[in-house]
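91 is the number of the first residue of the sequence shown in our numbering; add one for each residue after it.
Below you'll find the structure, written out as structure tokens, and then a few comments.
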Amino acid sequence: ESYDMGGHDTYMHKEISEQPDAVDRVLRGRIDDRFSTVHLGGLNLDPREARSVRRIKILGCGTSYHAGQIGAQMIEELARIPSDAEPASEFRYRNPVVDPDTLYIAVSQSGETYDVLAAVQELKRKGARVLGVVNVVGSAIARETDGGVYVHAGPEVCVVSTKCFTNTVVAFALLALHLGRIRDLSVADGKRIIAGLRKLPAQIAEMLEGEAEIEKLAAEYAGAKSMMFIGRVRGYPVAREASLKLKEISYIHAEAYPASELKHGPLALIEPALPTVAIVPDDDLLDKNRAALEEIKARSGRILAVAHQVQEKADHTIVVPKNEVELDPILMGIPLQLFAYHTAKAMGRDIDKPRNLAKSVTVE
Ligand code: G6P
91 ESYDMGGHDT YMHKEISEQP DAVDRVLRGR IDDRFSTVHL GGLNLDPREA RSVRRIKILG
151 CGTSYHAGQI GAQMIEELAR IPSDAEPASE FRYRNPVVDP DTLYIAVSQS GETYDVLAAV
211 QELKRKGARV LGVVNVVGSA IARETDGGVY VHAGPEVCVV STKCFTNTVV AFALLALHLG
271 RIRDLSVADG KRIIAGLRKL PAQIAEMLEG EAEIEKLAAE YAGAKSMMFI GRVRGYPVAR
331 EASLKLKEIS YIHAEAYPAS ELKHGPLALI EPALPTVAIV PDDDLLDKNR AALEEIKARS
391 GRILAVAHQV QEKADHTIVV PKNEVELDPI LMGIPLQLFA YHTAKAMGRD IDKPRNLAKS
451 VTVE
């Protein structure tokens with residue numbers, strides 16, 4: 091690739107460190123303080139159409155699918171439209187019911203992933219309305235969709251996605267706010283979310299300053315054969331993405347589970363050799379998450395918590411700055427990108443080009 095690494099040892103490291111600027115870019119020119127909402131110029135969905143949407147189905151692959159899961163939760167929370175995400179690769183093979191009151195959203199960094207493109211084409215053939223949340227301007231998925239939100243993360247070279255993931259989630263927060271303000275989200279809540287969005291670039295920069303500490307933690311956990319990632323509701327897709335990132339570049343087996351499901355099976359795996367990374371935001375589920383940490387500790391499991399305050403039961407806590415709860419998933423994923431990066435580095439992996447993977451899969 092011809093892009094300059096700008097003094098970084100890998101594109102992944104460069105792209106992680108670009109996130110404050112990237113997030114600033116996805117927000118730029120879109121916030122409307124007068125009406126406590128956002129303008130999304132390319133969305134192509136008028137208020138009457140936005141009000142008539144009964145459901146939202148988000149489709150993507152890999153990291154984009156995880157960003158879509160967070161997006162679905164944000165849309166449900168802020169716009170109160172029932173929403174969910176599904177891997178595009180599954181959706182297109184199961185003869186799904188295509189409902190005229192459902193708005194479909196295709197998510198893709200490259201805009202070229204074949205499974206996503208094929209799902210979009212099938213949906214369009216059946217008369218569905220499909221929007222895109224895409225990074226690459228003018229890409230195939232951007233062209234095939236009826237409108238959408240560009241993610242503006244800039245070029246991403248490393249096979250695994252970091253800044254584009256974060257920007258995609260921020261783009262979904264914008265979309266959720268926009269839909270919310272057309273429906274029932276109050277002016278006060280609109281203002282609150284806008285203030286939270288504006289804080290993100292500085293808070294991400296603050297977290298990146300803690301890199302040396304994360305590097306030390308990664309060295310401690312790099313010997314593990316397998317790792318468990320847990321989170322609840324907003325924390326669960328964060329856990330899934332962090333687990334994917336770790337396995338993609340370090341080749342350590344990792345599994346993500348809702349913390350609430352631990353007792354229904356995976357607790358049997360907990361022992362000192364299987365560390366757990368727990369996403370523990372200060373939200374209404376804090377006590378439930380703490381109880382899960384106690385269960386793990388009682389079985390001598392090692393715990394690395396990503397939290398808003400130091401967790402007593404954890405062996406280590408990475409403390410993340412507070413924002414509005416709806417935006418927690420944006421910030422909580424960032425230190426775990428660095429964690430995956432430093433773990434893979436400590437193990438001598440080829441971080442920008444992990445074995446067996448491609449940046450975009452444009453074939454069946
Ligand atoms: C490939 C990459 C993943 C990526 C996925 C979707 O599998 O290795 O990192 O998340 O494709 O790519 P897209 O460009 O559609 O977001």
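Cβ coordinates follow ideal geometry from the N, Cα and C atoms, glycine included.
For S200, the shortest separation between its Cβ and any heavy atom of the ligand G6P lies below 7 Å. Listed as beta-bridge partners of V128 by DSSP are I121. Under DSSP, D174 shares a beta bridge with K147. For K449, the Cβ falls inside the 7 Å cut-off from some heavy atom of the ligand G6P. If you draw a straight line from the Cα of D442 to the Cα of R138, it comes to about 45 Å. Excluding sequence positions up to five before and after L264, its CB lies within less than 7 Å of the CB of R120, V128, L130 and V239, all in the same chain and listed in chain order. Excluding its 5 nearest sequence neighbours in each direction, Y204 has C-beta neighbours in its own chain below 8 Å: V451, T452, V453 and E454, listed in chain order. Using a 10 angstroms sphere on the CB of V187, the tally of other CB atoms stays under 16, which defines it as exposed. At least 8 Å separates the beta-carbon of R141 from that of R322. Spatial neighbours of T252 in its own chain (CB-CB distance under 6 Å, excluding positions within 5 residues in sequence) are listed in chain order as E105, I106 and Q427. Here the alpha carbon of I146 sits roughly 8 Å from the alpha carbon of A162.
Close CB contacts of A232 within its chain, under the 8 Å cut and outside five residues either way in sequence, are with G201, G222, V224, V226, G238 and Y240 (chain order). Assignment of beta strand (DSSP E) within the segment 320-390, counting only whole runs of 3 or more residues, yields 343-348 and 366-370 in chain order.
Going by beta carbons, P444 and V249 fall inside the 8 Å limit. A196 is positioned such that its CB atom lies closer than 8 Å to that of T235. The beta carbon of G96 sits closer than 8 Å to the beta carbons of K104 from its chain, once the five residues preceding and following it are set aside; these are given in chain order.
DSSP places T407 within a strand segment (E or B) once states are collapsed to three. Relative to the ligand G6P, even the nearest heavy atom lies 7 Å or more away from the CB of T256.
For Q109, the CB contacts under 6 Å within the same chain, skipping 5 residues up- and downstream, are K253, T256 and I294 in chain order.
For I441, there is no enclosing alpha helix (DSSP H), as DSSP marks it with neither H nor E. In this structure P425 does not touch H156 by the C-beta definition: roughly 16 Å separates them, more than the 8 Å allowed. D418 sits buried, since 16 or more C-beta atoms from the chains shown fall within 10 Å of its C-beta. Relative to the ligand G6P, G161 has its C-beta separated by 7 Å or more from all heavy atoms. DSSP places R219 inside the beta strand (DSSP E), whose first and last residues are R219 to V224.
Shown here, M437 sits in coil according to DSSP, grouped into three states, outside any helix or strand. In the three-state reduction of the DSSP assignment, L193 falls in the strand class, which pools E and B.
For G238, no alpha helix (DSSP H) encloses it; the enclosing beta strand (DSSP E) starts and ends at G237 to Y240. Beta bridge pairing from DSSP links S316 with H343. Assignment of beta-bridge partners to S198 by DSSP yields V224.
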